[in-house]
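Numbering (the numbering used here), first residue to last: -17 to 556. For each residue, glycine too, the CB sits at the ideal point set by N, CA and C. Since the model is a prediction, treat every value here as computed from it, not as a measurement. Before any comments, here is the structure.
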Amino acid sequence: MSNSRRCARVNAILPVEVLTAIIVDQLVDDADFAAVPHGYLADTALSVSQVCQLWRNISLSPGGKRLWTHAPLRHKAVCVDAFMTRSHPLPVFLKIEAIMRDEGEQPTFSLLPAVEKALQHSARVDTMILSFNIEDYTFSDELTSQFYTKYEHMTQLLDHYSFPALEYLSWTAWTNQSEGHRLSENVFRMEVPGSLRRLFLNNIIFTSPSSLLGAPLTSLVLDHSGSWSGIDDFLTTLLNMLSLETLVIMSDGLHSSFRTAGHVTQHQYRSISLPRLARLALYESLTNLPLLFAYIRAPITCRIDMDVILENGRSETDHYWGHWNLMELSLRAHFDSTSYDRLVVSGAGDDDDRFMICASSPTLPTLDLKFHTHYPKFNRQDMRLLRTLRNLLTLPFLSRVSTIIVQDIRVLSPDLYDPIDPYDGRPISNPFSAVREVTATRCALDGLLSALVLNPDRPLLPVLQSIRMRQVSFCKSDSHIVEPMFTALLAATVTREYMGSVQALKAIEFRDCGITQEAIDTLAKAVNPEVFWDGRHVFPTTLGAMRYDHFNSNYITEHDGILWQIIDEAKSPY
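Below, the structure written as structure tokens:
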């Protein structure tokens, strides 16, 4: 293959960022990278002439601007000076970094003289990534101290320069010396970067209003960052962010974005209007998250992902129902008269430590609402976790669905839907009166079988027509032995056919279940609905391996939400 053809081929396959890393950064990190006889460029891939040709082709391509705007901060100051001269007047991309981790990797850092030289051109900087990760205990104290010194000098330099053209800023700081990087009050000379649109902060603390938050942001992602004195102050900050399209607040057990929690006094419910907000992701405590959502007024077209965490605090447990009542009130106000068509509800089986709701519709953006708590005794007392979930499902915008998928949680149990809640006297409506299709996974089937036949005068699933079962064991490997679950299914299906208050079932389907052909034939002969089977008999050991795990599942994608997608996007300037 000719040099030109090979060059063009590599150019087509590899993105600019990868090629830049190969050609530039690796040469700095490893002196032998291009040297004979061990050189990657010399022996394995590209000759020097090919590199030059490749560099030229990329630089003249539509994406070549990245090569000429990414300042080489791992090089000497004279290189940066030459780069700035030759790239003038293009905007500049600065990546200032100091990374030392215990992963067998060599420390990575920008050279301080190079950073100082680059900051002299701060007026041209439109993209900046500040990445500091000093978490390693295995390097020598001397090297660690040197790294901290460089880190401190680099961050202090930012107090002396303004960035009027800055459009994107990502600032991450993880160190062993503090709970987070405390942002200087003088950062960027206390000048608001008027062009800043996208801001990502990771482990950054500021105790007073920062000039960064005065910019006309379209995206604000706070990943373990903030430390406002209270929610009041944060809402006041949001008041001036009318252009905001994406908002993320994430705290998952580390320091919170708010130093104190409590009721807001300066603002009215739904008074913080964000008319352009398209994505809202909140990952906060049961004390803070309902308050945040109650005061933010987002358009109905906003995609919402909320993850509520029950922390070990007396305030959250003592006022548990008060927090959830506020959440219900806010959800009602946001969705008003709209409603969803399809609902996925998941749990963790008998662990009773979480539930997840994913509501979707062709006319509404998907809603994800999750609740995590690791206190089973508290959850099970008075059926607290299941009653919380039930109360949410009875909200009007969720109680008109025609399709529901229930995964490993007993929310279909008829005991939850007595006309009056025996624990608090609350009247309970039926959230499944319009459901025509049900999928039940694992322990969810227990409640479904009871719901099929109990209370014929007020049936829980009056118009149900189709049942799908997944990951349930009905038969032993011997085709002549059936589990009690199969007998219960057969009895419930036959009994329902004689109930005049419900519609007749039309279809029963088995997927990924422990069932045999003989059992399928027996059921098909005994009932009127059509019986469908995927032809698989899944053994108990396999069913155990398939158990739903919220954090690592190959079987369920409905609860992915948008939080991590937004964070991944926020880390990239492109």
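*Would you list the one or two residues that DSSP bridges to THR90?*
Residue pairing for THR90: DSSP places it in a beta bridge opposite ILE81.
### Query
Count the other CB atoms within 10 Å of the CB of GLN102; is the residue buried (16 or more) or exposed (fewer)?
So GLN102 counts as exposed.
Nearest neighbour of THR348, chosen from PHE121, ILE544, ARG362, THR524 [CA to CA]
The residue with the shortest Cα to Cα distance from THR348 is ILE544.
- Query: What residues in its chain sit with their C-beta under 8 Å from that of SER384, if we drop five residues either side in the sequence?
  - Reply: These residues qualify, in order along the chain: ASP323, ARG324, ALA416, VAL417, ARG418, GLU419.
Open item on the list: Mapping the DSSP letters down to three states, classify GLN547 as helix, strand or coil.
Closed with: If DSSP states are grouped into helix, strand and coil, GLN547 belongs with the helices.
Own chain, CB closer than 8 Å to VAL476, minus 5 neighbours either side, in chain order: Excluding positions up to five away in sequence, the list reads ALA508, VAL509.
Is the beta carbon of ILE81 sitting closer than 8 Å to the one on PRO89?
-> Contact: yes.
| query | What number of angstroms, rounded off, separates the C-alpha of ILE549 from the C-alpha of SER152? | reply | Distance between the alpha carbons of ILE549 and SER152: 11 Å.
Practice prompt. Determine the direct distance from the alpha carbon of LEU273 to that of CYS425, and round the result to whole angstroms.
Written response: When rounded, the distance between both Cα atoms is 34 Å.
**Q.** Secondary structure of ALA17, DSSP reduced to three states
**A.** With a pLDDT of 49 at ALA17, under the threshold of 50, the modelled position of that residue is not reliable, and no figure is offered here.
Open item on the list: Would you say GLY196 lies against chain C (beta-carbon separation less than 8 Å)?
Closed with: Among the chains of the structure shown, chain C does not appear; only one protein chain is present.
Inset, instruction - Could you round the C-beta distance between GLN485 and PRO444 to whole angstroms and report it? I think they count as a contact, below 8 Å. - result: 7 Å between Cβ atoms; contact.
Which residue spans inside the segment 241 to 275 form an unbroken beta strand (DSSP E) run of at least 3? 261 to 267, all fully within the segment 241 to 275.
Determine the extent of the alpha helix (DSSP H) in which THR524 is found, giving its start and end residues. Its alpha helix (DSSP H) spans residues 522 to 527.
Smallest Cα separation from ILE286: which of THR299, LEU262, ALA280, ARG279?
-> For the residues THR299, LEU262, ALA280, ARG279, the minimum Cα distance to ILE286 belongs to LEU262.
**OP:** Out of THR67, GLY329, ARG83, THR109, point me to the one whose CA is closest to SER122's CA.
**Re:** Closest by alpha carbon: ARG83.
(Q) At the level of alpha carbons, what is the spacing between PRO73 and SER321? (A) C-alpha separation (whole angstroms): 47 Å.
Comparing the CB of CYS495 with every heavy atom of the ligand SAH, is any distance shorter than 7 Å?
No copy of the ligand SAH occurs in the structure displayed, which carries no ligand at all.
| If you draw a straight line from the alpha carbon of HIS20 to that of VAL62, how long is it in whole angstroms? | At HIS20, the pLDDT of 42 sits below 50, so the modelled position is not reliable; the number obtained from the coordinates is stated separately. Each residue's alpha carbon lies about 28 Å from the other.
Practice prompt. For TYR22, name the three-state secondary structure that DSSP assigns.
Written response: Note that TYR22 scores 42 on pLDDT, short of 50, meaning its location in the model is unreliable and no value can be drawn from it.
DSSP bridge partner residues for MET288 (one or two, in chain order):
Beta bridge pairing from DSSP links MET288 with LEU264, LEU351.
**Prompt:** What residue from LEU351, LEU434, SER144 has the CA that sits closest to PHE414's CA?
**Reply:** PHE414 has its Cα closest to that of LEU434, out of LEU351, LEU434, SER144.
Could you check the C-alpha separation between PHE240 and CYS457 for me, to the nearest Å? Roughly 53 Å separates the two Cα atoms.
query: To the nearest whole angstrom, what separates the beta carbons of SER448 and MET467, a pair I think is in contact under 8 Å?
result: Contact between SER448 and MET467 is ruled out by a C-beta separation of about 19 Å, above the 8 Å threshold.
Item to complete: In the DSSP assignment, find the unbroken alpha helix (DSSP H) run with THR154 in it and report its ends.
Response: Not the alpha helix (DSSP H): THR154 falls in the beta strand (DSSP E), residues 150 to 157.
Check your understanding: In three-state terms, what does DSSP make of ALA489?
Key -> Strand, per DSSP.
Distance, Cα to Cα, ASP11 vs THR131? For ASP11, the predicted model reports a pLDDT of 49, less than 50, meaning its position is unreliable; a value from the coordinates is still stated below. Approximately 21 Å between the Cα atoms of the pair.
Given this structure, state the Cα-to-Cα distance separating LEU224 from PHE91, to the nearest angstrom. Taking the CA atoms as reference points, LEU224 sits about 37 Å from PHE91.
_So, does the segment 323 to 339 touch the segment 298 to 308, judging by three or more C-beta pairs under 8 Å?_
No: the two stretches stay apart, fewer than three of their Cβ pairs being nearer than 8 Å.
For this session: Enumerate in chain order the residues of its own chain whose CB-to-CB distance from LEU76 is below 6 Å, with the five nearest sequence positions on each side excluded.
Result: Here the set comprises ALA53, ALA100, VAL107, MET110.
Do TYR143 and SER104 have their C-beta atoms within less than 8 Å of each other? Yes, these two residues count as a Cβ contact at 8 Å.
- Message: For a test of the three-state rule: what should DSSP assign to LEU224, helix, strand or coil?
- Response: Three-state DSSP puts LEU224 in coil, outside helix and strand.
Checklist line | Buried versus exposed call for THR283 [16 or more other C-beta atoms within 10 Å across all chains shown] | finding: Counting Cβ neighbours within 10 Å, THR283 comes out exposed, since fewer than 16 surround it.
What is the DSSP secondary structure of SER554, reduced to helix, strand or coil? The answer is coil: DSSP assigns SER554 none of H, G, I, E or B.
Requested in this report: Count the other CB atoms, across all protein chains shown, that sit within 10 Å of the CB of ALA(-6); report buried if there are 16 or more and exposed otherwise.
Outcome: In this prediction, ALA(-6) has a pLDDT of 46, which is less than 50 and means its spatial position is unreliable; nothing more can be read from the coordinates.
_Please state whether the Cβ-Cβ distance between LEU204 and ILE231 is less than 8 Å._
Taking 8 Å as the Cβ cut-off, LEU204 and ILE231 qualify as a contacting pair.
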